[in-house]
Structures are given as structure tokens and as C-alpha cells.
Amino acid sequence: MFDIGFWELTIIAIIALLVIGPDRLPEFARATGLWIRKTRQFLSGIKSDIDRELRAEDLKRIIKQQEEFSAVHEIIEETKTTIKDTTNQLSSLNDLTDEMESSANKSNGEPPFESAPSSHALGNTSANAPNASATHNSEQSANH
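End of the sequence shown sits at 146 in our numbering; the numbers just go up one at a time, nothing left out.
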């Protein structure tokens, strides 16, 4: 801890022997040992408290992350459910459209048609085509 070698310790012991004296040196050594032990215990207690607090902080952080992951997981599950419901609704609509097309074809006696654009959607009907050309011809003759 303090990196005190043998020779440094010997010099400190000789100085202590001269300053304190040989009669009080054993008593001083015991008191010094007691204070060193108490200091080490105190520092050890502080270190364990710090470690305990750090572990508690780590646990709190982990718990918070788990809560965030849990919330994200719930959102994902809700999204999956919504997508599944929407897919089911679209499937039902497709089935209903197929039923309506087949019943319309049966009532008209026509074969089922494909989903190509019809002439009604384009605005060109066979009934309107002769009328349009007749109207166009009458306009041209009126202009001449």
C-alpha cells in the first residue's frame, strides 16, 4: 500500500526507538497496530459500501432497461395483432368481393371477368361511341 521496503522500515524503527525510548516502544507499537487495524477496517467498510451501492445502481439500471424492453415488446405485440386483424379484414373483403362478382356473373349469365380495366372505367362504352361520332359529325356539318 505504501511501498515501504525493509531498509525504510528499519530506519523508521531506529528513529522511533530514539524518540520514544525503549520503555514506551512496545506500548507505542501496540497502539500504532491498533490504529492501523481500525483504519484498515474503516477503509474496508467504505469500500464494501461503495461496491454495494455500485451493484445497486447497476441493478437499478438493468431493471430500467428491462422495463424499457418490456414496453417495446408490448408495442411490437400490439403491432403484430393489429397487422393480423387488418390482414383478416382484407381477406374477408376479398372473399366478399369474390362472392359479389360470382353472384353478379351468375345473374347476368356472363362468364367471370378478370380484374382488367373495364370500358366503363375508361369512359368508353359501346353505346356512347356511336352517339359521340354522330355528335361530332353534326358539329362539323354545322360549321361548314
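Each residue gets a CB set at the ideal place from its N, CA and C atoms; glycine is no exception.
For clarity, every value in this text was computed on a predicted model and none was experimentally measured.
Residue state for R26 is assigned as coil, using DSSP reduced to three classes.
The alpha-carbon separation between L11 and V21 amounts to approximately 15 angstroms. Look at D51 here: in three-state DSSP terms it is helix.
By the criterion of a C-beta distance shorter than 6 angstroms, F30 is surrounded in its chain by I22, once the five residues flanking it on both sides are discounted. Rounded to the nearest whole angstrom, the C-alpha separation of I78 and T89 is 16 angstroms. When secondary structure is reduced to three states using DSSP, I6 falls in the coil class, being assigned neither helix nor strand.
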